[in-house]
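Protein sequences appear in the order of chains X and A. Here this note's numbering is used: the first residue of the first sequence is 3, the next is one more, and so on. Here this note's numbering is used: the first residue of the second sequence is 3, the next is one more, and so on. Note that CB positions come from ideal geometry on N, CA and C, so glycine has one too. Worksheet: the structure to be examined is printed underneath.
There are 2 protein chains.
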Amino acid sequence: MEVNELDKDKGDKPTFTRRVIIENVRPEIQDGRFPIKRTIGEPVEVTADVYADGHDIVHAVLLHRPLSQQGWKEVPMEPLVNDRWQAKFIASAEGIHLYTLQGWVDPFQSWSRDFSKKLEAGQDISVDLLTGVHLVEAAAKRASGEDAQRLAACAGEASRLRKQNLKAAVESLSNVELTTLMMLHADRSQATIYGKELKVVVDRERARFSAWYEMFPRSCGARGGQHGTFRDCEKRLEYISGMGFDVLYLPPIHPIGRAHRKGKNNTEEATPEDVGSPWAIGSKEGGHKAIHPELGTLEDFRRLVARAKEFGLEVALDIAFQCAPDHPYVLQHKEWFRERPDGSVQYAENPPKKYQDIYPLNFETEHRHELWKELSSVVLYWIEQGIRIFRVDNPHTKPFDFWESLIAGVKAKYPDVLFLSEAFTRPKVMHRLSKLGFTQSYTYFSWRNTKRELTEYFADLTQTEIREYFRPNLWPNTPDILTDFLQFGGRPAFMIRLVLAATLGASYGIYGPAFELSENRAIRPGSEEYLDSEKYQLRHWDIDNPSSLRSLIARVNQIRHENPALHGDWSLRFHPVDNDQLIVYSKTTADRSNIIVVVVNLDPHHPQSGWVDLPVEAFQLDPQQPYQVHDLLTDARYFWRGIHNYVELNPQVMPAHIFCIPQVAAG
Amino acid sequence: MEVNELDKDKGDKPTFTRRVIIENVRPEIQDGRFPIKRTIGEPVEVTADVYADGHDIVHAVLLHRPLSQQGWKEVPMEPLVNDRWQAKFIASAEGIHLYTLQGWVDPFQSWSRDFSKKLEAGQDISVDLLTGVHLVEAAAKRASGEDAQRLAACAGEASRLRKQNLKAAVESLSNVELTTLMMLHADRSQATIYGKELKVVVDRERARFSAWYEMFPRSCGARGGQHGTFRDCEKRLEYISGMGFDVLYLPPIHPIGRAHRKGKNNTEEATPEDVGSPWAIGSKEGGHKAIHPELGTLEDFRRLVARAKEFGLEVALDIAFQCAPDHPYVLQHKEWFRERPDGSVQYAENPPKKYQDIYPLNFETEHRHELWKELSSVVLYWIEQGIRIFRVDNPHTKPFDFWESLIAGVKAKYPDVLFLSEAFTRPKVMHRLSKLGFTQSYTYFSWRNTKRELTEYFADLTQTEIREYFRPNLWPNTPDILTDFLQFGGRPAFMIRLVLAATLGASYGIYGPAFELSENRAIRPGSEEYLDSEKYQLRHWDIDNPSSLRSLIARVNQIRHENPALHGDWSLRFHPVDNDQLIVYSKTTADRSNIIVVVVNLDPHHPQSGWVDLPVEAFQLDPQQPYQVHDLLTDARYFWRGIHNYVELNPQVMPAHIFCIPQVAAG
């Protein structure tokens, strides 16, 4: 059923004839200021308090529609307890959808309920029956066509029978057909319409489920010391795809500034051979829309994107809105930068540190209109080259409104574009960026190592309102982050963090080949910076090293793909185990047809064992019967029984189980 | 400091120069749709998330003003942790007050912070110093008078000293006077103003702290069988006042209908002697603005009100918007009632029950404008007779919007008027009525008997957002409610419920003299109706009966008056005791100068004992030293030590302790 017009002016305001109250609607982010997020096919389950004064029967419906269409679809809401109601719809297409609620009192059903009680009590109901007849007559007037005729006929019949055969008259007002017709033609002129139309941004599945691989193209050269090109990257695609990744994310591919270029290991003085940081964007060869000549041409790039696609890989680009001193913007648009009192351009600072190779843009400049438009055009330019995923560098140092307008503008035209926010900052700032439009966000996962830290953090991300707008993307390492845990935990530490990232997060990523080769040398003690970081120099990686984790990664990504329970984060639940070095959690599909239980030894140095408690009843397992747990990592199968079962994990062998529990028919 | 103009259009919207975000403001009821409540002198403590992109220093202020005044008062907010800020103001006068927030980034303080770091690192800061000078110059232009001169002088001095004595120049930009002036003349043209002006309804103290006594005037006759009058009531004032009550609440005092009048014990047929229910309002003698002739004249009534005042008692009237069949409205305004199909007026029903002595008003009538206005005039009429407190009968069976407009209209003119909602219905409906304007509300206290029930219910009422708008008023009994606990617990049950009501609730009430005389005879098993209920007949009460609880009541009310901890509900905390028949809780003043600990034996039949745990550190007591607990009920004093202490209560003697713990200077 469709309602074509909502009279928006008459929502929850003191218009005294609208007796139904609709409030406490969930999900609703900050009074509806921000949309919730879903991917195609995901349900939007809406609950609300709906009630009226007095004792009349209330009805409520959930209304939803794509922003681009006019007609609302209606779903009847079901009462739960305590005046709370519920209904859901499926987000069936990309783009923005709207939802709202409507509620009304139903005099006919209220009359019908009271009438039944009087009948049961054997009271004289001949006058009461007429009240019902009048309600049916009124509905007949609201209806048209056959419905109007049937309603009128029904009222007429009851009225006629009243004096002859009261029992038959009563029956004529209580049959199913009449009840249905009365519902269909209820008087909704006094219905309360919830005052807000709430938004859902519906993305393609990759927004929710993705495995990212970050790689510096310039390190893909055939030989050490040789600057890699896009053509070289093509040769690496089979390797990356073979590990089961979906997204190949490249750091900035633009010309790199020469002025104040940093040398190897971030030294102040660069030699002429030094390649500089890809994030120091812009030189006389061009800026954010240009390609670094040593990587190849635009055509080479487009070819890489196309070849990657053949391998099931989507190329993601980096959006880093800052400039090297020799970026064309600096010459052509000095007004887009801050000026120091001595007339020079203000470089980036984190006092007392100075980053003289980087000029931040002044987003508050009087000429911001032109600046913002230009930056938006950068994104659109790469979209035109076939890119649909962007990893955004430090969005938290630019105004929130800039991102909100940029992302809204892009997604209005290209709803399939995804943005990953690299905001390693305070929680509220990260959340704001997610709310205003970023599809996914980096998280604090990198620094959450203990069972308590992981449990608290992921319970927060997956079981609270945060999940409505914040989609976590978990990275064990990045070119900026080599954690203590990885530095000092050896190869098992990488295995542990891989399994955690790939199973706690439906979206995760690694920075390779550093990751699969367990690169763990920091520039100095206490620093998370890599020694000989690719940010400042070429690296030649021995990807065929036999100690590489590539086959484990491939296995983990295959498990992810084959098990729908791992395609989302909302079903994540942690389970007790009597050893703080072990963590146990599960993910399940809504119908329990796929149950994944992960056990990880968080200690990279010692074997750990313990007794796991599983919620066998929630898993719909017979607590009296043994059940199989199948370790998808090793293909081992165990028979467990009941709630308590024993596990033991040696990190030198395999620090984790990823169990699948096949469902067996009960009995 | 005052801000005279808030540019309301530029709140939290994509106006890109307003970088500060203000969100998650508390208290804020349903997006600011409803006001919070305070009494004069109570603080309004406001918290909010306030932050900006990047790393600039942010400032925030809380703005507040009475609705009737234009200028905002400003209170600087203090940062807590995690971008949460806090400030408070005192609600200093009756009526509606507004509050909102403002936040801005401070370039001068941001500059100053960075400048210090550079200085410490020994960097060349001569150019950076000029940036500071420019910021001071800009502030000089915004300021006027002496401030402008001092700022300009300061900038000039720093600028001049820069080349001669850099150290002196730096000092001239970092002194306290300059910092204060820069704060005072900060550039707030880009400040974010929170999009909503939130409301506080400020009432007089009685809204928060009140002891009510309900009494049927017609039962105050000097002799049994004689219809009591207002003059008789006057003679009862000393008795009521002597028990320490503040509010004397009278059931409806209007003429009582004769048609379908109910007899004693709610029988269908009344004899000519039967006095009828005071809630069957209206007869040929008049309606809601008239006085039942047998009670006296309007003059008698006004005299009673004045005499009560002399005894410290405020008279509260009952607002029951329904009519007896012979109410003048029925004759004059048949359009205000529902008509049955046979042309008769629809009487009240709760099928299969019929209340033919009561006609409900049709609040949805087409003539509602006139009806609503007339009903409003009823309240205003009694206000003009000196009444400022109304107990409203069954407000949940009338439209929410009716009450919202009625109460708002009355309180705009008479902010000292208080309304008590008698809505014994579903929680959300009760809460809605409180939010839309009722000052106090009846609660489920009457049926919460066990420790768990009481703890959960009162934790909810006093420790969650509910407390911002819902002020509980606790009644152990009413003319409609004689609970099982009172029916079967004997005199100790009345003592238990009295102490609970009077100490769990800063506002409470009893229906007397039934209560103090431990009247516990129900009309039949399983019913909460009194036998020989005063609702349908006169009762003559032996108030001097030696078993009366009047002296206990007087003692309890005296304790309430003398102990400010009992004047509010928000400090209520429950404490562990190892016996489920005992309940222990405390109320304290904010400064801990008054600490009240209540221990109640919930079992009216048996002595109970147990070990109580008190939070001695939260009470600011020395856990190593003995401390005195002084039972204000019995005047007994005990010396306790540490957390665990023993209690024992015999319900036949005294089922409760009300301990005061005097503060001793730490030593």
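Along chain X, which residues have their Cβ under 7 angstroms away from the Cβ of A:Pro343?
Val129, Leu132, Thr133, His136
Give me whichever residues DSSP pairs with A:Arg67 in a beta bridge.
For A:Arg67, which the question treats as bridged, DSSP gives the partners A:Leu100.
At 3 residues or longer, and completely inside the segment 406-470 of chain X: list those beta strand (DSSP E) runs for me, N to C.
Complete beta strand (DSSP E) runs here, min 3: 420-424, 442-444.
Can a CB atom of chain A be found closer than 8 angstroms to the CB of X:Pro354?
yes
Is the Cβ of X:Gln104 closer than 8 angstroms to any Cβ of chain A?
no
For X:Gln88, the nearest candidate out of X:Val107, X:Thr133, X:Leu65 (CA to CA):
X:Leu65
Beta-carbon of A:Thr19 versus every beta-carbon of chain X: anything under 8 angstroms?
yes
Pairing CB atoms from the segment 482-500 of chain X with CB atoms from the segment 522-530 of chain X, are three or more of them under 8 angstroms?
yes
Use the C-beta contact count for A:Leu420: other C-beta atoms within 10 angstroms, 16 or more gives buried, fewer gives exposed.
buried
Closest residue to A:Leu500 among A:Ala592, A:Pro606, A:Pro566 (Cα-Cα distance)
A:Pro606
4 or more residues per run - each alpha helix (DSSP H) lying fully within the segment 467-538 of chain X
Here the runs fully enclosed are 486-490, 492-506.
In or out: X:Glu30 buried (at least 16 other Cβ within 10 Å) or exposed?
buried
Neighbour list for A:Arg428 in chain X, Cβ cutoff strictly below 9 angstroms
Tyr53, Asn84, Asp85
Closer than 8 angstroms at the beta carbon, the chain A residues around X:Asp116
Under the 8 angstroms cutoff, chain A gives Glu351, Pro353.
When the Cα of X:Gln111 is compared with those of X:Gly43, X:Gly105, X:Thr181, X:Val135, which residue comes out closest?
The residue with the shortest Cα to Cα distance from X:Gln111 is X:Thr181.
For my contact list, X:Arg233 and X:Asp328 are in at a C-beta cut-off of 8 angstroms; report their separation, rounded to the angstrom.
In fact, because the Cβ distance is near 27 angstroms, the residues do not count as touching under 8 angstroms.
Span separating the alpha-carbon of A:Ser243 from that of A:Val332:
39 angstroms
Around the C-beta of X:His187, are 16 or more other C-beta atoms found within 10 angstroms, so that it is buried, or is it exposed?
buried
Can you give the Cα-Cα distance for X:Pro68 and X:Glu536, rounded to whole angstroms?
45 angstroms
Under 7 angstroms Cβ-Cβ, which residues of chain X neighbour A:Arg190?
The contacting residues do not exist; A:Arg190 stays about 15 angstroms from chain X at best.
Below-8 angstroms beta-carbon distance, X:Val48 vs any chain A residue
no
Near-chain A residues of the segment 429-445 of chain X (beta-carbon distance less than 7 angstroms), N- to C-terminal order
Pro429, Lys430, Val431, Arg434
Which chain A residues are close to X:Ile23, counting only those with a beta carbon under 9 angstroms from its beta carbon?
Phe402, Lys430, Val431, Arg434
Is it buried or exposed, A:Gly507, if we count other Cβ atoms within 10 angstroms and call 16 or more buried?
buried
Starting from A:Cys662, trace the beta strand (DSSP E) in both directions and tell me its first and last residue.
658-662
Could you tell me whether the Cβ atoms of X:Ile561 and X:Tyr241 are closer together than 8 angstroms?
no
Label A:Asp11 either buried or exposed according to how many other C-beta atoms from any shown protein chain fall within 10 Å of its C-beta, with 16 as the threshold for buried.
Here the model assigns A:Asp11 a pLDDT of 40, short of 50, so the residue's position is not dependable and the matter cannot be decided.
Any idea what DSSP makes of A:Cys235, helix, strand or coil?
helix
Residues that A:His398 contacts on chain X, provided the C-beta gap is smaller than 8 angstroms
Asp55, Gly56
Among A:Leu574, A:Arg454, A:Phe323, which has the Cα closest to the Cα of A:Val600?
A:Leu574
Using the beta-carbon of each residue, which ones in chain A are nearer than 9 angstroms to X:Asp482?
Neighbours of X:Asp482 on chain A: none; closest Cβ ~17 angstroms, over 9 angstroms.
Cutoff 8 angstroms; reference A:Glu316; Cβ partners in own chain excluding five residues on either side
These residues qualify, in order along the chain: Arg208, Asp248, Val249, Leu250, Ala310, Arg390, Ile391.
By alpha-carbon positions, which one of A:Tyr587, A:Ala93, A:Lys437, A:Asn364 ends up nearest to A:Pro617?
A:Tyr587
Examine the Cβ distances between the segment 448-461 of chain X and the segment 608-626 of chain X and report whether three or more of them are shorter than 8 angstroms.
no
Spatial distance of A:Asn682 from A:Gly514 (CA atoms):
This structure cannot settle anything about residue 682 of chain A, because the visible part of chain A is limited to 3 through 669.
When the Cβ atoms of the segment 123-134 of chain X are set against those of the segment 147-156 of chain X, are three or more pairs found closer than 8 angstroms?
no
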